[in-house]
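Below is one structure, written out as structure tokens, with a few remarks after it.
Residue numbers (this note's numbering): 1062 to 1610.
Next up, the structure:
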């Protein structure tokens, strides 16, 4: 594994600034609504409404007051197209196709900007193994003009974010994060103005609150302010500096019909100087822009592309003589029809590391006779995850855990029927978490289960029986016995859960962390499960360890 990482790093760095080109007409296949856990909001596929140097210039003369902005959000390291066996959006996405689409639009339009609204990384083994090198190469080769920072950009800690920004020449804006006390202070600006043809486009970046979302050790030194309190003033400064329009790259998230200030809609309602929101974080497919009225009575469009590069966002913006913008917005599907126009040189860059990485990742660990699903309050994959922590505590530290918990948000994928590979395990557990084993007094363990009940359940081990009623603990046993407040219990979990102080684990009387990525521990655990039967099968079931009344 380490050999692959270093070899491929060298390959990619050597190729980092080799440019490619792609010709041909613009691909504007009619938009069909993508499918997924967060369904499209609104109706059809196109929307018309009112309300430093950058930008690619095509072969057509730029028109006064008009430009195109293309955008992505929550790309999550989806270098290859989604599998053809996926339930939703099968065989969609892929960086080769996205580049073909972006290149063709740049050739057809006189003034084009390309932006990203955060979480470009994390979610596949490319990021797990190569720490963002591949994704930053992609950003450089697609010639992104601007980006903001999402919560998953912190997943390799501040040192990892610093490295990623050093590998990329794409400008970064973040208005409500304060990086002045960190190693990336000189790489992030609160705002920026780019030229798109004859239009001066101002950009701000909005970041979600990191507390309880990001491991505090991963964002050490980063300050956060409510976006409402700082962004409008920054946008006003951009106006004073000559911006014709101000666009927010937002990683706050979208909630339909919500007026809460920490979502995009509520943010717009409390501001007056932002003309457009390019959103992210919530993975919402907005097939039509959601127009929200700001403090001045102006209608501001909120747009978002979903996630994983399934669609490319497209907006043509025209600014009239009075300075009022109008928008034509649509989602462009990233599908196999683009394969005929792939950039051969860029494709070779991607393929250079894909072959070796996939050789390692496609090792078969076992066979799943049926899919292993995730979910709350209890799920087969949640049970496998928590029971795996118990096994790892014994394997790594020689201790028997009384209780184990895995945070449900850390289980990022499901396991399909068929051969179970290393890649599958890396997809389920993509984060750089490690095993933590704690000792906890019984009184604190009771508080722990109160947190589990309030959350509506969580992946816990088979030695626990928990009954929840009305969001509270009705009964709980550990090893078949009620919890003794004065007894000390051993708890197995991951470092993220401890560091974020979820479920009241801050009062642990002792803590040990094992120096191994949890995904690699689960590779060993799954191999162990497969070795326990002659068929090499890996199964998991719900067994009633959590009951909701």
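In this text, a Cβ means the ideal position worked out from N, Cα and C, and glycines have one as well.
Tell me whether residue i is buried or exposed, calling it buried when 16 or more other Cβ atoms sit within 10 Å of its Cβ.
| i | result |
| --- | --- |
| residue 1470 | exposed |
| residue 1086 | With a pLDDT of only 37 at residue 1086, under 50, the local geometry of the prediction cannot be trusted, and the value read off the model is given with reservation. It counts as exposed. |
| residue 1340 | buried |
| residue 1100 | Legend: pLDDT at residue 1100 = 47, less than 50; position of this residue unreliable, value from coordinates given subsequently. Exposed is the call here. |
| residue 1294 | exposed |
| residue 1386 | buried |
| residue 1369 | buried |
| residue 1304 | buried |
| residue 1358 | exposed |
| residue 1149 | exposed |
| residue 1586 | buried |
| residue 1334 | buried |
| residue 1430 | exposed |
| residue 1247 | exposed |
| residue 1217 | buried |
Looking at the secondary structure, which residues open and close the alpha helix (DSSP H) in which residue i lies?
| i | result |
| --- | --- |
| residue 1257 | Here residue 1257 belongs to no alpha helix (DSSP H); instead the beta strand (DSSP E) covers 1252-1257. |
| residue 1245 | First-last for residue 1245: undefined, no H or E at that position. |
| residue 1441 | 1441-1458 |
| residue 1295 | 1288-1301 |
| residue 1325 | 1325-1330 |
| residue 1016 | Nothing can be reported for residue 1016: it is not among the residues displayed for the chain, which extend from 1062 to 1610. |
| residue 1557 | 1556-1560 |
Hey, how far is the Cα of residue i from the Cα of residue j?
| i | j | result |
| --- | --- | --- |
| residue 1489 | residue 1476 | 8 Å |
| residue 1452 | residue 1589 | 10 Å |
| residue 1082 | residue 1178 | In this prediction, residue 1082 scores a pLDDT of 32, lower than 50, which makes its location untrustworthy; the coordinate-derived value is nonetheless stated afterwards. Cα to Cα, the separation comes out at about 25 Å. |
| residue 1558 | residue 1468 | 7 Å |
| residue 1416 | residue 1547 | 55 Å |
| residue 1406 | residue 1446 | 41 Å |
| residue 1284 | residue 1553 | 31 Å |
| residue 1481 | residue 1206 | 39 Å |
| residue 1277 | residue 1214 | 13 Å |
| residue 1390 | residue 1172 | 16 Å |
| residue 1411 | residue 1266 | 29 Å |
| residue 1596 | residue 1428 | 8 Å |
| residue 1237 | residue 1164 | 32 Å |
| residue 1574 | residue 1599 | 27 Å |
| residue 1208 | residue 1380 | 23 Å |
| residue 1523 | residue 1511 | 18 Å |
| residue 1353 | residue 1322 | 13 Å |
| residue 1478 | residue 1433 | 8 Å |
| residue 1301 | residue 1258 | 20 Å |
| residue 1299 | residue 1532 | 47 Å |
| residue 1530 | residue 1562 | 24 Å |
| residue 1143 | residue 1151 | 6 Å |
| residue 1615 | residue 1536 | Because the chain spans 1062 through 1610 in this model, residue 1615 falls outside it and cannot be assessed. |
| residue 1197 | residue 1507 | 45 Å |
Helix, strand or coil for residue i, going by three-state DSSP, please let me know.
| i | result |
| --- | --- |
| residue 1147 | coil |
| residue 1214 | helix |
| residue 1506 | helix |
| residue 1511 | helix |
| residue 1490 | coil |
| residue 1472 | coil |
| residue 1543 | coil |
| residue 1479 | strand |
| residue 1083 | For residue 1083, the predicted structure reports a pLDDT of 33, less than 50, and the residue's modelled location is therefore unreliable. A value from the coordinates is still provided. In the structure shown, residue 1083 sits in coil (DSSP, three-state: anything other than H, G, I, E or B). |
| residue 1160 | helix |
| residue 1188 | helix |
| residue 1090 | With a pLDDT of 41 at residue 1090, under the threshold of 50, the modelled position of that residue is not reliable, and no figure is offered here. |
| residue 1589 | helix |
| residue 1136 | coil |
| residue 1346 | strand |
| residue 1168 | helix |
| residue 1103 | Low confidence applies to residue 1103: its pLDDT is 47, below 50, so where it sits in the model is not reliable, and the reading given next is rough at best. Coil at residue 1103, not helix or strand. |
| residue 1193 | coil |
| residue 1263 | strand |
| residue 1223 | helix |
| residue 1402 | helix |
| residue 1397 | helix |
| residue 1566 | helix |
Starting from residue i, follow the beta strand (DSSP E) in both directions and report where the run begins and ends.
| i | result |
| --- | --- |
| residue 1577 | 1571-1578 |
| residue 1177 | 1173-1177 |
| residue 1408 | Careful: residue 1408 lies outside any beta strand (DSSP E), inside the alpha helix (DSSP H) at 1405-1422. |
| residue 1374 | 1372-1380 |
| residue 1339 | 1337-1339 |
Are the stretch 1232-1242 and the stretch 1156-1166 in contact at 8 Å, needing three or more beta carbon pairs?
The way I'd put it, the stretch 1232-1242 doesn't touch the stretch 1156-1166; fewer than three beta-carbon pairs between them come closer than 8 Å.
Would you call the stretch 1493-1503 and the stretch 1422-1440 touching, i.e. three or more CB-CB distances under 8 Å?
No, because fewer than three Cβ pairs between the stretch 1493-1503 and the stretch 1422-1440 fall closer than 8 Å, the two stretches do not touch.
If you pair each beta-carbon of the stretch 1473-1487 with each one of the stretch 1578-1586, do three or more pairs fall below 8 Å?
Judged by Cβ distances under 8 Å, the stretch 1473-1487 makes contact with the stretch 1578-1586, as three or more pairs qualify.
Is the stretch 1189-1198 touching the stretch 1239-1254 in the sense that three or more CB pairs, one from each, lie closer than 8 Å?
Pairwise C-beta distances place the stretch 1239-1254 out of contact with the stretch 1189-1198, as fewer than three of them are shorter than 8 Å.
Check whether the stretch 1395-1403 touches the stretch 1453-1460, counting contact only when three or more Cβ pairs, one atom from each stretch, lie closer than 8 Å.
Between the stretch 1395-1403 and the stretch 1453-1460, the count of C-beta pairs closer than 8 Å stays below three; the two stretches do not touch.
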